[in-house]
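Mind the numbering: the sequence shown is residues -38 to -1, 1 to 148 in mature numbering (1 follows the signal peptide of the UniProt record, and there is no 0), read in order. Backbone N, C-alpha and C define an ideal beta-carbon position, used for all residues, glycine too. These figures come from a predicted structure and were not determined experimentally.
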Amino acid sequence: MKVPYDQSRISRLRNHIMKKIITFLTLTSWLTASAVWAACDESIAESTPSSRFVLNGGEAYDQQTKLAWQRCSVGTTWTSDAGCVGDVKLLGLDKAKQFAQALGDGWRVPTIEELYSIVEQRCFNPTINASVFPAVTNVGEGAPYWSDTPVEEIPSLVYFVDFIDGAIDGHSKGFPLAVRLVRSEP
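Pasting the structure below:
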(Lines of atoms letter the chains of each structure in order from A and count residues from 1; the text may use other names and numbers.)
(Lines give C-alpha, C1' and ligand atoms only; values in the text may rest on other atoms or scores of the structure.)
Protein backbone atom coordinates (compact mmCIF):
# COMPACT_ATOMS: atom_id res chain seq x y z
CA MET A 1 0.00 0.00 0.00
CA LYS A 2 1.36 3.37 -0.98
CA VAL A 3 1.55 6.10 1.64
CA PRO A 4 0.17 9.38 0.28
CA TYR A 5 2.57 12.30 0.39
CA ASP A 6 1.48 15.70 1.55
CA GLN A 7 3.07 17.73 -1.26
CA SER A 8 2.30 21.08 0.35
CA ARG A 9 4.00 19.99 3.60
CA ILE A 10 7.04 18.74 1.70
CA SER A 11 7.19 21.98 -0.27
CA ARG A 12 6.99 24.08 2.94
CA LEU A 13 9.73 21.94 4.50
CA ARG A 14 11.97 22.38 1.44
CA ASN A 15 11.39 26.15 1.50
CA HIS A 16 12.18 26.27 5.21
CA ILE A 17 15.40 24.28 4.72
CA MET A 18 16.44 26.42 1.74
CA LYS A 19 15.87 29.61 3.77
CA LYS A 20 18.05 28.21 6.56
CA ILE A 21 20.79 27.25 4.09
CA ILE A 22 20.68 30.64 2.36
CA THR A 23 20.75 32.43 5.73
CA PHE A 24 23.66 30.29 6.87
CA LEU A 25 25.63 30.84 3.65
CA THR A 26 24.95 34.57 3.73
CA LEU A 27 26.10 34.84 7.34
CA THR A 28 29.14 32.68 6.68
CA SER A 29 30.22 34.95 3.85
CA TRP A 30 30.05 37.95 6.18
CA LEU A 31 32.14 36.40 8.94
CA THR A 32 35.79 37.12 9.34
CA ALA A 33 38.08 34.39 10.63
CA SER A 34 37.41 35.22 14.28
CA ALA A 35 34.28 37.35 14.49
CA VAL A 36 30.94 35.70 15.11
CA TRP A 37 27.48 37.19 14.61
CA ALA A 38 24.39 35.42 15.86
CA ALA A 39 21.46 34.36 13.74
CA CYS A 40 18.33 34.01 15.84
CA ASP A 41 14.89 32.60 15.12
CA GLU A 42 12.61 35.38 16.32
CA SER A 43 9.62 32.99 16.39
CA ILE A 44 11.16 31.12 19.35
CA ALA A 45 11.05 32.63 22.84
CA GLU A 46 14.42 33.66 24.30
CA SER A 47 15.85 31.16 26.77
CA THR A 48 18.38 33.68 28.16
CA PRO A 49 16.79 37.14 27.81
CA SER A 50 18.95 40.09 28.78
CA SER A 51 16.40 40.95 31.48
CA ARG A 52 17.45 37.77 33.32
CA PHE A 53 20.91 39.25 33.94
CA VAL A 54 22.14 42.14 36.05
CA LEU A 55 25.20 43.54 34.31
CA ASN A 56 28.00 45.14 36.30
CA GLY A 57 30.90 45.88 33.99
CA GLY A 58 32.64 42.60 33.21
CA GLU A 59 30.25 40.52 35.31
CA ALA A 60 26.75 39.25 34.61
CA TYR A 61 24.60 38.07 37.52
CA ASP A 62 22.01 35.51 36.44
CA GLN A 63 18.92 36.13 38.58
CA GLN A 64 17.47 32.73 37.63
CA THR A 65 20.44 30.51 38.55
CA LYS A 66 21.98 32.86 41.17
CA LEU A 67 25.35 32.61 39.41
CA ALA A 68 27.76 35.40 38.51
CA TRP A 69 29.53 34.98 35.18
CA GLN A 70 32.53 36.68 33.68
CA ARG A 71 31.17 38.31 30.54
CA CYS A 72 34.46 37.84 28.72
CA SER A 73 36.26 34.63 27.92
CA VAL A 74 39.56 33.98 29.68
CA GLY A 75 42.25 35.90 27.81
CA THR A 76 39.99 38.84 27.00
CA THR A 77 39.29 41.84 29.18
CA TRP A 78 36.13 43.88 29.68
CA THR A 79 36.19 47.56 28.71
CA SER A 80 33.14 49.79 29.03
CA ASP A 81 33.56 51.29 25.57
CA ALA A 82 34.47 48.19 23.52
CA GLY A 83 33.21 45.15 25.47
CA CYS A 84 35.60 42.19 25.48
CA VAL A 85 39.00 42.97 23.95
CA GLY A 86 42.01 40.78 23.41
CA ASP A 87 42.42 37.20 22.28
CA VAL A 88 40.65 34.23 23.78
CA LYS A 89 43.15 32.03 25.61
CA LEU A 90 42.71 28.30 25.00
CA LEU A 91 43.63 26.22 28.03
CA GLY A 92 43.63 22.61 29.13
CA LEU A 93 41.16 21.99 31.95
CA ASP A 94 43.83 21.77 34.69
CA LYS A 95 45.33 25.10 33.54
CA ALA A 96 41.83 26.63 33.44
CA LYS A 97 41.23 25.54 37.06
CA GLN A 98 44.63 26.94 38.10
CA PHE A 99 43.80 30.24 36.37
CA ALA A 100 40.44 30.45 38.19
CA GLN A 101 42.05 29.66 41.55
CA ALA A 102 44.75 32.29 41.02
CA LEU A 103 42.05 34.84 40.13
CA GLY A 104 40.42 34.20 43.51
CA ASP A 105 37.06 35.60 44.66
CA GLY A 106 35.40 32.19 44.17
CA TRP A 107 35.81 32.09 40.37
CA ARG A 108 35.78 28.55 38.98
CA VAL A 109 35.15 26.48 35.85
CA PRO A 110 31.38 25.84 35.63
CA THR A 111 29.63 22.47 35.71
CA ILE A 112 28.04 21.33 32.45
CA GLU A 113 24.58 22.21 33.82
CA GLU A 114 25.73 25.71 34.74
CA LEU A 115 27.44 26.27 31.40
CA TYR A 116 24.46 24.97 29.42
CA SER A 117 22.18 27.34 31.36
CA ILE A 118 23.57 30.27 29.31
CA VAL A 119 23.02 28.61 25.91
CA GLU A 120 20.51 30.70 23.95
CA GLN A 121 18.19 28.11 22.39
CA ARG A 122 16.86 30.30 19.59
CA CYS A 123 20.24 31.41 18.23
CA PHE A 124 23.16 29.81 16.46
CA ASN A 125 26.58 31.05 15.52
CA PRO A 126 26.79 31.72 18.50
CA THR A 127 24.23 30.09 20.76
CA ILE A 128 24.61 32.65 23.53
CA ASN A 129 23.09 36.02 24.35
CA ALA A 130 25.69 38.20 22.62
CA SER A 131 24.49 41.32 24.45
CA VAL A 132 25.36 39.75 27.79
CA PHE A 133 28.34 37.67 26.62
CA PRO A 134 29.94 39.50 23.68
CA ALA A 135 32.82 38.42 21.47
CA VAL A 136 32.40 34.64 21.37
CA THR A 137 35.13 33.56 18.97
CA ASN A 138 35.10 30.70 16.51
CA VAL A 139 38.53 29.14 17.04
CA GLY A 140 38.38 27.21 13.77
CA GLU A 141 36.35 24.25 14.94
CA GLY A 142 33.58 26.06 16.77
CA ALA A 143 33.68 27.85 20.11
CA PRO A 144 34.16 25.04 22.65
CA TYR A 145 34.11 26.03 26.35
CA TRP A 146 35.17 23.78 29.23
CA SER A 147 32.91 22.54 31.96
CA ASP A 148 34.23 20.79 35.07
CA THR A 149 31.94 17.77 34.68
CA PRO A 150 33.46 14.42 33.69
CA VAL A 151 31.63 12.17 31.23
CA GLU A 152 30.35 9.43 33.53
CA GLU A 153 30.64 6.66 30.94
CA ILE A 154 34.17 7.69 29.91
CA PRO A 155 35.89 9.26 32.96
CA SER A 156 38.93 10.35 30.93
CA LEU A 157 36.68 12.84 29.08
CA VAL A 158 35.15 16.07 30.37
CA TYR A 159 32.06 17.78 28.95
CA PHE A 160 32.23 21.04 27.01
CA VAL A 161 29.67 23.23 25.23
CA ASP A 162 30.28 24.51 21.72
CA PHE A 163 28.78 28.00 21.71
CA ILE A 164 28.56 28.06 17.91
CA ASP A 165 25.82 25.42 17.74
CA GLY A 166 25.03 24.63 21.41
CA ALA A 167 26.29 21.05 21.15
CA ILE A 168 27.58 19.23 24.22
CA ASP A 169 30.50 16.85 23.78
CA GLY A 170 33.47 15.50 25.70
CA HIS A 171 37.21 15.97 25.37
CA SER A 172 40.35 14.92 27.20
CA LYS A 173 41.21 17.52 29.83
CA GLY A 174 44.61 18.35 28.34
CA PHE A 175 43.08 19.61 25.09
CA PRO A 176 43.02 23.44 24.86
CA LEU A 177 39.51 24.95 24.88
CA ALA A 178 38.05 28.34 25.76
CA VAL A 179 36.94 29.12 29.32
CA ARG A 180 34.19 31.26 30.84
CA LEU A 181 34.42 31.47 34.62
CA VAL A 182 31.53 31.46 37.07
CA ARG A 183 30.99 31.82 40.80
CA SER A 184 28.10 31.05 43.09
CA GLU A 185 26.41 34.03 44.69
CA PRO A 186 24.55 33.94 48.04
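Taking the Cβ atoms as the reference, V113 lies roughly 4 Å from G132, within the contact range of under 8 Å.
Straight-line measurement puts the Cα of E147 at about 29 Å from the Cα of F86. By a beta-carbon distance limit of 8 Å, T39 contacts V47. Their separation comes to about 6 Å. Assignment of beta-bridge partners to Y121 by DSSP yields G132. For I80, the closest alpha carbon among the candidates L119, L139, K28 is that of K28.
The DSSP-derived three-state label of R142 is coil. Cβ contact annotation for F95 (same chain, cutoff 6 Å, sequence separation greater than five): R33, in chain order.
Only residues of its own chain outside the window of five on either side were considered, and among them V81, T89 have a CB closer than 6 Å to the CB of G128, listed in chain order. In the structure shown, the three-state DSSP call for Q32 is strand.
The residues R14, F15, V16, in chain order, have a CB closer than 8 Å to that of Q25 in the same chain once the five nearest residues on each side in sequence are set aside. Taking A30 as the centre and dropping the five residues before and after it, the same chain places the C-beta of E21, Y23, R145, E147 closer than 6 Å to its C-beta, in chain order.
Per DSSP, reduced to three states, the secondary structure at I116 is strand. Short of 7 Å from the beta carbon of A62, and not among the five residues preceding or following it, lie these beta carbons of its own chain, in chain order: W69, R70, V71, L143. Residue Q83 holds the alpha-carbon nearest to the alpha-carbon of A1 among G37, Q83, T41.
Taking C-beta atoms as the reference points, T111 and I74 count as a pair closer than 8 Å. Put simply, the backbone Cα of I116 is about 18 Å away from that of D56. Between S35 and V141, the C-beta spacing is below 8 Å.
Here DSSP, grouped into helix, strand and coil, assigns R70 to strand. Under the three-state reduction of DSSP output, A7 falls in the coil class, being neither helix nor strand.
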